[in-house]
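Engineer: Take this structure first; my questions come after.
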Amino acid sequence: MAKMWAGRTSGETSKIADDFNSSIRFDCKMYEQDIKGSMAHALMLSKQNIITKEDAEVLVEALGQILDDLNSGALEIDMEAEDIHMFVEQVLTNRIGDVGKKLHTARSRNDQVALDLRMYLKDECDEIVELTKTLIEALCAQAQDNKATIMPGYTHLQRAQPVTFAHHMMAYAMMLLRDIDRIKDCKKRMNVSPIGCCALAGTTYDTDRYFEAKELGFDSIALNSLDGVSDRDFCVEMLSAIAVLMMHLSRFSEELILWSSWEFKFVQLSDSYTTGSSIMPQKKNPDMAELVRGKTGRVYGDLMATLTMLKGIPLAYNKDMQEDKESIFDACETVKMCLKVFAPMIETMTVLADNMKKAASEGFINATDLADYLVKKGLPFRSAYKISGSLVAYCIENKTILEDLPLEKYKEYSELFDTDVYGDIDLNTCVNKRISVGGTSVESVEMQIKYVKENI
Ligand code: ARG
């Protein structure tokens, strides 16, 4: 079929070229933004006396009807169309004739696509923020219930010092809070309207770009038309923010996978968020967490694809840029799916406090506190560290733990030891004496929960 842009060329492209060129199968997502953008454009054109008020009314009415018909299903998107912009304009012209042909005055698909994408992604930002909040709430609830649940804290995946499960959950809440911040921040720069930049150089018509931007809920307008149509920083920024968010979910997933293993058995994921094996009857697999971890790679790929697509193209619009949408849409869909499954998975997770406590009791994770005890009694930390280390070595050799050593044994290592040592190395004491801001004591973690709830 001859194209609406037939003129310089016959517009008679081959079928295979049409299929290759077409973006409708993914940009059809933006039909609502495209139509709303066109309505604002018609209003601006009539306000500036570029078209008549009557024409604008006909355009707005017909565009509204197209939107309703698409929403209701009365009108189907033609997958043979070149893109969503051409499709809407074609339907409009079919329905109202020549007036429809006036809509594209003082506009180009180059500023139109940039507009639609910004509008679409602004809403996606809001949705991702909301879903992240729901996950943070699930983390706060688990933290609330587990303020006194002691588990081993790890460094190098070696048992290090006791922490509470609440403390661990709130660490992820803090990361997610920063993720929200990043997404909101990138939305700020996304909230700049490119419409009116036209093909690349602006227009000879007396347009009002500020009016059109305001109609569409933008904070400001792009002040250089070449930049306005060439800029995809907002995609890169959003992809980066989503990639970091996915990285956090992936690290969390890795822990959930470890904790669900028989080797750890710190948590049990609900049956609703695990799967069985087709051959091994005993299996309960943390597939959701594994998929989140796996999908992180594809989101990194979306970011890399977009950065690479942009790095070599000259100003202004190049068709390469059509590739922006599949990457950013994929990243948005992926992160939303991950968040949707993650929040209820955390909410319904059973915390196996006894197993955590047992693991915490076996790893000499109170050795630092034993050294601190001697410091309190006047020994320099380095010397205290050495004595504590020797006592741990003694315990390992004799298959016992610090809590079970008799006082006489302690005294062989230092005369400073007394009966109060047992209180100091009790895991509850170890946790609750860590009252430093950000620390693992109940009091400190309560402060963290309060902070997160206030700043969510
Ligand atoms: N489908 C195109 C895209 O997604 C719209 C812009 C087309 N502009 C052009 N000059 N061919 O980028």
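Our numbering numbers the first residue of the sequence shown as 41 and each following residue consecutively. For each residue, glycine too, the CB sits at the ideal point set by N, CA and C. In this text the structure is predicted, and so the values were computed from the model without any measurement.
Quick one: is the Cβ of ASP166 within less than 6 Å of any heavy atom of the ligand ARG?
Structural biologist: Indexing the sequence shown from 1 puts residue 166 at position 126. No, the Cβ of ASP166 stays beyond 6 Å of every heavy atom of the ligand ARG.
Engineer: Are the CB atoms of VAL269 and ALA154 within a distance shorter than 7 Å?
Structural biologist: Sequence index remark: in the sequence shown, residue 154 carries index 114 (1-based). Sequence index remark: in the sequence shown, residue 269 carries index 229 (1-based). Cβ distance < 7 Å, so ALA154 and VAL269 count as in contact.
Engineer: Per the contact definition of three or more C-beta pairs closer than 8 Å, is the region 215 to 227 in contact with the region 413 to 428?
Structural biologist: Verdict: no, contact absent.
Engineer: By Cβ distance below 7 Å, which residues in the same chain neighbour ASN231 in space, the five residues on each side in sequence not counted?
Structural biologist: Walking along the sequence shown from the start, residue 231 turns up at place 191. Only LYS162, PHE258 and ASP259 meet the Cβ criterion.
Engineer: Is it a yes or a no for the region 99 to 118 touching the region 54 to 72, going by three-plus beta-carbon pairs under 8 Å?
Structural biologist: The answer is yes - the region 54 to 72 touches the region 99 to 118, with three or more Cβ pairs under 8 Å.
Engineer: Using only the alpha-carbon positions, how far apart do VAL477 and THR204 sit?
Structural biologist: On the sequence shown, position 437 is the one that residue 477 refers to. On the sequence shown, position 164 is the one that residue 204 refers to. Cα-Cα distance, rounded: 15 Å.
Engineer: Report yes if the C-beta of GLN362 is less than 6 Å from at least one heavy atom of the ligand ARG; otherwise report no.
Structural biologist: Here residue 362 corresponds to residue number 322 of the sequence shown, with the count starting at 1. Answer for GLN362: yes, Cβ within range of the ligand ARG.
Engineer: What whole-angstrom Cβ distance do TYR250 and ALA146 have, given they're in contact under 8 Å?
Structural biologist: Counted from its first residue, the sequence shown places residue 250 at position 210. Counted from its first residue, the sequence shown places residue 146 at position 106. The pair is not a contact, with the Cβ atoms about 14 Å apart (cut-off 8 Å).
Engineer: What is the rounded straight-line gap between the Cα of CYS165 and the Cα of LEU445?
Structural biologist: To locate residue 165, count along the sequence shown from 1; it is residue 125. To locate residue 445, count along the sequence shown from 1; it is residue 405. Each residue's Cα considered, the two are about 57 Å apart.
Engineer: Quick one: what does DSSP say PRO192 is sitting in, helix, strand or coil?
Structural biologist: Walking along the sequence shown from the start, residue 192 turns up at place 152. PRO192 falls in the strand class under three-state DSSP.
Engineer: Please find out if some non-hydrogen atom of the ligand ARG comes closer than 6 Å to the beta-carbon of SER63.
Structural biologist: Position 23 of the sequence shown, counted from the first residue, corresponds to residue 63. Result yes, Cβ under 6 Å from the ligand ARG.
Engineer: Going by Cα to Cα distance, which pick from HIS208, MET328 and ALA213 is closest to HIS482?
Structural biologist: Counted from its first residue, the sequence shown places residue 482 at position 442. A small fix is needed here, since residue 482 is Val in this sequence, not His. Closest option to VAL482, Cα to Cα, is HIS208.
Engineer: I want to check one thing, is the minimum distance from the CB of ARG48 to the heavy atoms of the ligand ARG below 6 Å?
Structural biologist: Within the sequence shown, numbered from 1, the residue matching residue 48 stands at position 8. Not under cutoff, so the answer is no.
Engineer: So what's PRO321 in DSSP terms, helix, strand or just coil?
Structural biologist: As a working note, residue 321 is residue 281 in the sequence shown. Coil, per DSSP.
Engineer: Taking the Cβ atom as the reference point for each residue, do SER265 and CYS237 lie within a distance shorter than 7 Å?
Structural biologist: In the sequence shown, residue 265 corresponds to position 225, counting from 1. In the sequence shown, residue 237 corresponds to position 197, counting from 1. For SER265 and CYS237, yes; Cβs fall inside 7 Å.
Engineer: So is THR49 buried or exposed if we call it buried at 16+ other beta carbons inside 10 Å?
Structural biologist: If you number the sequence shown from 1, residue 49 lands on position 9. When all chains shown are included, THR49 counts as exposed.
Engineer: Would you mind reading off the limits of the alpha helix (DSSP H) that contains THR469?
Structural biologist: The residue labelled residue 469 in the question sits at position 429 within the sequence shown. Looking at the DSSP string, the run of the alpha helix (DSSP H) that includes THR469 is 467 to 472.
Engineer: Hey, which unbroken runs of the alpha helix (DSSP H) at 4 residues or more fall wholly within the region 211 to 283?
Structural biologist: You should have 249 to 255 and 265 to 270.
Engineer: Can you have a look at LYS335 and say buried or exposed, based on whether 16 or more other CB atoms are within 10 angstroms of its CB?
Structural biologist: Within the sequence shown, the letter at position 295 stands for residue 335. It counts as buried.
Engineer: Can you name, in chain order, every residue of its own chain whose Cβ lies under 8 Å from the Cβ of ILE405, other than the five neighbours on each side?
Structural biologist: Residue 405 sits at position 365 when you count from the first residue of the sequence shown. Hits under 8 Å: PRO192, GLY193, ARG199, ALA200, GLN201, PRO202, LEU467 and CYS470.
Engineer: Nearest to GLY429 by CA position, among LYS416, LEU414, ALA407 and TYR450, is which residue?
Structural biologist: In the sequence shown, counting from the first residue as 1, residue 429 sits at position 389. Minimum Cα distance to GLY429 is reached at ALA407.
Engineer: If you drop the 5 nearest sequence neighbours on each side, which residues of the same chain put their C-beta closer than 8 Å to that of ALA399?
Structural biologist: Here residue 399 refers to the residue found at position 359 of the sequence shown. Excluding residues within five positions, the ones whose Cβ falls inside 8 Å are MET191, PRO192, ARG199, PHE304 and PHE306.
Engineer: So does the region 356 to 368 actually touch the region 50 to 70, counting three or more Cβ pairs closer than 8 Å?
Structural biologist: The answer is yes - the region 50 to 70 touches the region 356 to 368, with three or more Cβ pairs under 8 Å.
Engineer: If you scan the region 109 to 187 from start to end, which runs of the alpha helix (DSSP H) of 4 or more residues do you find wholly inside it?
Structural biologist: Those alpha helix (DSSP H) runs which fall completely within the region 109 to 187 and span 4+ residues are 124 to 136 and 149 to 185.
Engineer: Bridge partners of ARG199, per DSSP?
Structural biologist: Here residue 199 refers to the residue found at position 159 of the sequence shown. TYR194.
Engineer: Tell me whether VAL485 sits in a helix, a strand or coil according to DSSP, three-state version.
Structural biologist: Within the sequence shown, numbered from 1, the residue matching residue 485 stands at position 445. The answer is helix: DSSP assigns VAL485 an H, G or I state.
Engineer: Name the DSSP beta bridge partners of VAL391, please?
Structural biologist: To locate residue 391, count along the sequence shown from 1; it is residue 351. DSSP, once it has assigned bridges, lists VAL307 as partnering VAL391.
Engineer: Can you tell me which of the three DSSP states THR314 falls into?
Structural biologist: What you label residue 314 is simply residue 274 of the sequence shown in a count that begins at 1. Three-state DSSP puts THR314 in coil, outside helix and strand.
Engineer: Between which two residues does the alpha helix (DSSP H) carrying ARG338 extend?
Structural biologist: Sequence index remark: in the sequence shown, residue 338 carries index 298 (1-based). Counting along the chain, the alpha helix (DSSP H) containing ARG338 begins and ends at 327 to 351.
Engineer: Going by CA-CA distance only, name the one from ASP59, LYS359, ALA371 and ASN358 that's closest to TYR340.
Structural biologist: Locating residue 340 in the sequence shown gives position 300, counting from the first residue. Among ASP59, LYS359, ALA371 and ASN358, the Cα nearest to that of TYR340 is on ALA371.
Engineer: Using C-beta distances below 7 Å, list every residue in its chain close to TYR453, excluding the 5 sequence neighbours before and after it, in chain order.
Structural biologist: Within the sequence shown, residue 453 is the residue found at index 413, counting from 1. Taken in chain order, the residues that qualify are ILE427, SER430 and LEU431.
Engineer: For THR408, which of helix, strand or coil comes out of DSSP?
Structural biologist: Your numbering for residue 408 matches position 368 in the sequence shown. Three-state DSSP puts THR408 in a helix.
Engineer: Taking the alpha helix (DSSP H) that VAL461 falls in, what are its first and last residues?
Structural biologist: The residue labelled residue 461 in the question sits at position 421 within the sequence shown. Where VAL461 is concerned, the enclosing alpha helix (DSSP H) stretches over 461 to 464.
Engineer: Nearest to GLU255 by alpha carbon, out of VAL461, GLU443 and SER78?
Structural biologist: As a position in the sequence shown, residue 255 is number 215, starting the count at 1. With distances taken between Cα atoms, GLU255 lies closest to SER78.
Engineer: Taking the CB atoms as reference points, tell me whether ASP151 and ILE235 lie closer together than 7 Å.
Structural biologist: By one-based count along the sequence shown, residue 151 stands at place 111. By one-based count along the sequence shown, residue 235 stands at place 195. Result yes, Cβ atoms of ASP151 and ILE235 sit closer than 7 Å.
Engineer: Assuming ALA183 and MET210 are in contact, meaning their beta carbons sit under 8 Å apart, how far apart are those beta carbons, in whole angstroms?
Structural biologist: Within the sequence shown, the letter at position 143 stands for residue 183. Within the sequence shown, the letter at position 170 stands for residue 210. 5 Å between Cβ atoms; contact.
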